Structures are given as C-alpha cells and as structure tokens.
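Trainee:
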Amino acid sequence: CSCKWGILFTHRCQSWSSTGFYAGAISVLLYTCFPKEVSIKEKEYVGFATLPNQLHRKSVKKGFDFTLLVAGESGLGKSTLVNSLFLTDLHKDRKLLNAEERISQTVEITKHTVDIEEKGVKLKLTVVDTPGFGDAVNNTAWRPITDYIDQQFEQYFRDESGLNRKNIQDNRVHCCLYFIPPFGHGLHPVDIEFMKALQDKVNVVPLIAKADCLTPFEIKKLKERVREEIDKYGIKIYQFPHCDSDEDEEFKQQDKELKESTPFAVIGSNTVVEARGHRVRGRVYPWGIVEVENPSHCDFVKLRTMLIRTHMHDLKDITSDCHYENYRAQCIQNMTSKMNADKRVESPNPILPLSTPDIEAEKLIKTKDEELRRMQQMLQKMQQQMHEQEL
Numbered sequence: 001c002s003c004k005w006g007i008l009f010t011h012r013c014q015s016w017s018s019t020g021f022y023a024g025a026i027s028v029l030l031y032t033c034f035p036k037e038v039s040i041k042e043k044e045y046v047g048f049a050t051l052p053n054q055l056h057r058k059s060v061k062k063g064f065d066f067t068l069l070v071a072g073e074s075g076l077g078k079s080t081l082v083n084s085l086f087l088t089d090l091h092k093d094r095k096l097l098n099a100e101e102r103i104s105q106t107v108e109i110t111k112h113t114v115d116i117e118e119k120g121v122k123l124k125l126t127v128v129d130t131p132g133f134g135d136a137v138n139n140t141a142w143r144p145i146t147d148y149i150d151q152q153f154e155q156y157f158r159d160e161s162g163l164n165r166k167n168i169q170d171n172r173v174h175c176c177l178y179f180i181p182p183f184g185h186g187l188h189p190v191d192i193e194f195m196k197a198l199q200d201k202v203n204v205v206p207l208i209a210k211a212d213c214l215t216p217f218e219i220k221k222l223k224e225r226v227r228e229e230i231d232k233y234g235i236k237i238y239q240f241p242h243c244d245s246d247e248d249e250e251f252k253q254q255d256k257e258l259k260e261s262t263p264f265a266v267i268g269s270n271t272v273v274e275a276r277g278h279r280v281r282g283r284v285y286p287w288g289i290v291e292v293e294n295p296s297h298c299d300f301v302k303l304r305t306m307l308i309r310t311h312m313h314d315l316k317d318i319t320s321d322c323h324y325e326n327y328r329a330q331c332i333q334n335m336t337s338k339m340n341a342d343k344r345v346e347s348p349n350p351i352l353p354l355s356t357p358d359i360e361a362e363k364l365i366k367t368k369d370e371e372l373r374r375m376q377q378m379l380q381k382m383q384q385q386m387h388e389q390e391l
C-alpha cells in the first residue's frame, strides 16, 4: 500500500470514530495494508532446530523408568545407601533375621517401586533387593539373581514381539550395585563368581561398603587391590564412555575423577546431624562426624553423580543395545535351530522323499514281468519264422 492510502484510511478512521462508527475495521485494514516485514533470518528458519525441545516435552510427559539391583552380604548398608541416594524410604516394614535364620535362608528377590518427581520430571524407580545373598552356606547364591534378570529379558522379548508394542513396560535391570565388604584383603571367591556370572547380563558397579570403617590410606590400598583382581580374573564391570573432544573441560575433569574413583567407597546414612553449624546427613563417632555428602570423607557424591546425573541414560542404553540384544540374538538363534531340527525330523529330504521297502519291491517285480513278456514275444517270433522256412 502507498502512503496516500495510509493517510486516507487514517483520516477516515478519525472521522468515522467522531461520528460514532466502529473504528476497529479500519485498524484491520491498516494492518493489512502495512504488513510486518519478515527478516532474512526468519525466512531462512525451517524449524527442525526445535526437535530437541519436542523430544524433551515428550520424554518429560512420558516419564522415565530405572531398575536398580543391589547385591551383597547382609549388614553392608545396601538399603541405607539406596535411601540416601534417592531421599526415600523403601524398606519401612523390613524384618531383620538373626544369624541362625540366615544360615538356612535362600536368596529371595524383592522389588520395591516408588515414583519420584523432581522439577516436573517423573522417575519410576524400581529397586531389586536380594536378601540372603552371601549368608547361606552354598556356592550358587547368584543363580536366583541371574534367573531373575533372564526372566525380565524374556518378558520384554515377548512384549516386543507382541501386538501392543506401544505400551511396553521396561522391567529390565539397568544397573547392579555390588557391595564389597571392607574387611579382608580384596575380593572374596563369592565376589569373583558373582560378578563373572552377571558381567554379560547387567552393568556391574562395584562398591566398597562401610568406608567409614577404614582410614583414607586403607581405602586407597583396598581400591588398588580390587582393581588388580578385577583385571586379573577378567571381570567386566561397567566402563565409562569416552568423552568427546567437544566436551567442556569441566565435564572432562569430572569424568576423569569418576573413572579414577572406582570402586566407589561409600557411606550411607539417613540421620541428620549438626556439623560446623550446618545440618548434614552423617554418622557421629567419638572422634568426630562422618559426613555422607563430603567428598573428602567418601565417594557418595561421585556415585550419585555417576548413577543419576551423568550416566543413567548410558546405563539404560548399554542394557538395551548390548545386554538385551545379546539375549535376543541368542533366543532367535535357538528358535531357528529348533525349527530346522523339527523340519529335518519331519522330512529329511523335502525334494526326494525316501521310498518305502514295499514300493521298491513292486517296482522290481514290475520290471521283471516286462522283461519276461518281451522274451516270450521274441520266442514266438522265432518259432513263426522257423515254421515258414519249413513250408
């Protein structure tokens, strides 16, 4: 529109407004005649840069699932540590067994599920506890645990192969926190056997329990000993992914510290105490206060950072892309082998089926009859020729 039309519309708008006419239509005409100019950047903007935002909204709306398995001898503070990590109480009605009851106790699998929400993000946390592990006098305490992990893989495989794939519930175990006793000189035989049995099924994260029982020097020596034995016996624990070159220096430094701290020496406590004028979670001893969230006292903060803030999604990815895919490939291979074996039993040679002995005998008799008939015909011809010669 030209400036002349703009002045004309403005003049009419003022005159009509003074006579009582509605001037809103004129403003619409003015807006139509003077469109807003679109910048060059807006013309070149397609919109796929908002895909991360769309994915974020969808993920937040759906929520997240995470299944954590804790294993180790009784009395190492497994439940206390989990409660400290997620600021919740998963074992309100737990019954403690005495030493006599633990001798004959079998390994049980108990699940505790709790819904946690933080800043609008919902997390469905499932903690799988293994009471009785390492208490009874046997060397196969890990079999119920491996069977449970395989059962979750099998259930997910069935759901994935079914019709309703949209609402599949993921109950696969994403991480196993294995508690190593602080007493002794490294790994026990049951520790080695357990981690080797689970290393191809779940992400194993070893922890040194009750680190407040050891001095800093003892913790350092025990960590070195455990790392040496893990390498010696070929135990595959969770490996931190390599940092990309474009990561910032702060994240690289944090990742380096996490790798150097394994196995994490942890302390758990749900008691709030007074320390240096601040209320913190810790334990009170005659010689001082041990703070759970003090990096100089233990590796609790590093474990929480790794497990929740930085590597939770990586733990889920490895479970889905590595451990579950191995199980799935094995299942498909077993199913294919079984189908081929069944086909061989039903029809050893589908192109030329084997003939029965009766059919072979009938063919032989028929052939002999035809040969005998031809010989008789030849004999008759010879007799006829001899008779003609005599005449």
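Residue 60 in the UniProt record's numbering sits at position 60 of the sequence shown; the count goes up by one each step and never skips.
Don't be surprised by glycine CBs; every beta carbon is placed ideally from N, CA and C.
Source: prediction; values computed, not measured.
Would you report the Cα separation of residue 296 and residue 339, rounded to the nearest angstrom?
Mentor: If I take the Cα positions, the gap works out to 59 Å.
Trainee: Around the Cβ of residue 335, are there at least 16 other Cβ atoms within 10 angstroms (buried) or fewer (exposed)?
Mentor: With fewer than 16 Cβ atoms within 10 Å of its Cβ, residue 335 is classed as exposed.
Trainee: Please state whether the Cβ-Cβ distance between residue 269 and residue 79 is less than 8 Å.
Mentor: No. Outside cutoff.
Trainee: How long is the line joining the alpha carbons of residue 72 and residue 161, rounded to whole angstroms?
Mentor: Taking the straight line joining both Cα atoms gives about 35 Å.
Trainee: Could you tell me if residue 172 is buried or exposed, where buried requires 16 or more neighbouring beta carbons within 10 angstroms of its beta carbon?
Mentor: Classification for residue 172: buried.
Trainee: For a quick check, are the C-beta atoms of residue 146 and residue 111 less than 8 Å apart?
Mentor: No.
Trainee: On the DSSP letters alone, give me the boundaries of the beta strand (DSSP E) that residue 65 sits inside.
Mentor: Here the beta strand (DSSP E) through residue 65 covers 64 to 71.
Trainee: Work out the CA separation of residue 47 and residue 219 for me, nearest whole Å.
Mentor: Roughly 53 Å separates the two Cα atoms.
Trainee: Would you mind working out which of 387, 311, 266 sits nearest residue 76, comparing C-alpha positions?
Mentor: The candidate whose alpha carbon is nearest that of residue 76 is 266.
Trainee: Decide if the region 257 to 266 is in contact with the region 296 to 313; the criterion is three or more beta carbon pairs, one per stretch, under 8 Å apart.
Mentor: A contact exists between the region 257 to 266 and the region 296 to 313.
Trainee: Pull the bridge partners of residue 179 from the DSSP assignment, please.
Mentor: DSSP, once it has assigned bridges, lists 207 as partnering residue 179.
Trainee: I want to see whether chain B comes within less than 8 Å of residue 339, judged by CB atoms only; does it?
Mentor: Among the chains in the structure shown there is no chain B, since it carries only a single protein chain.
Trainee: Closer than 8 Å is the cut-off here; do at least three beta carbon pairs connect the region 208 to 218 with the region 179 to 188?
Mentor: In short, these stretches touch, since the Cβ pair count reaches three.
Trainee: Count the other C-beta atoms from every protein chain shown that fall within 10 angstroms of the C-beta of residue 306, then say buried if there are 16 or more, exposed otherwise.
Mentor: Buried is the call here.
Trainee: Quick check on the DSSP output: the alpha helix (DSSP H) that includes residue 399 runs from which residue to which?
Mentor: With the chain running from 1 to 391 in the structure shown, residue 399 is simply not present.
Trainee: Taking residue 87 as the reference, give the member of 125, 165, 55 with the closest Cα.
Mentor: Here the closest residue by C-alpha is 125.
Trainee: Are the CB atoms of residue 60 and residue 114 nearer to each other than 8 Å?
Mentor: No; because the gap between Cβ atoms is not below 8 Å, this pair is not in contact.
Trainee: In whole angstroms, what separates the C-alpha of residue 68 from that of residue 177?
Mentor: The straight-line gap from Cα to Cα measures roughly 7 Å.
Trainee: Express the C-alpha separation of residue 368 and residue 362 in angstroms, rounding to a whole number.
Mentor: Taking the straight line joining both Cα atoms gives about 10 Å.
Trainee: Do residue 230 and residue 205 have their C-beta atoms within less than 8 Å of each other?
Mentor: Contact: no.
Trainee: Classify residue 233 as buried or exposed, calling it buried when 16 or more other Cβ atoms lie within 10 Å of its own Cβ.
Mentor: When all chains shown are included, residue 233 counts as exposed.
Trainee: For residue 148, which residues in the same chain have their Cβ closer than 6 Å to its Cβ, ignoring the five residues on either side in sequence?
Mentor: Answer for residue 148: 109, listed in chain order.
Trainee: Considering only DSSP beta bridges, list what residue 272 is partnered with.
Mentor: Beta-bridge pairing links residue 272 to 281.
Trainee: Going by beta-carbon coordinates alone, are residue 127 and residue 187 separated by less than 8 Å?
Mentor: Cβ atoms of residue 127 and residue 187: not closer than 8 Å.
Trainee: For residue 187, which of helix, strand or coil comes out of DSSP?
Mentor: Residue 187: coil per DSSP, three-state reduction.
Trainee: Measuring only the C-alpha atoms, how far is residue 366 from residue 385?
Mentor: Residue 366 and residue 385: Cα-Cα distance of roughly 29 Å.
Trainee: Do residue 327 and residue 153 have their C-beta atoms closer together than 8 Å?
Mentor: Cβ distance < 8 Å, so residue 327 and residue 153 count as in contact.
Trainee: Considering only the beta carbon of each residue, do residue 309 and residue 292 sit closer than 8 Å?
Mentor: Contact: no.
Trainee: Determine the closest residue to residue 167 out of 331, 63, 190, with distance taken between C-alpha atoms.
Mentor: Of the candidates 331, 63, 190, the one whose C-alpha sits nearest the C-alpha of residue 167 is 63.
Trainee: For residue 287, count neighbouring Cβ atoms within 10 angstroms of its own Cβ and tell me buried if that reaches 16, exposed if not.
Mentor: Exposed, by the Cβ-count rule.
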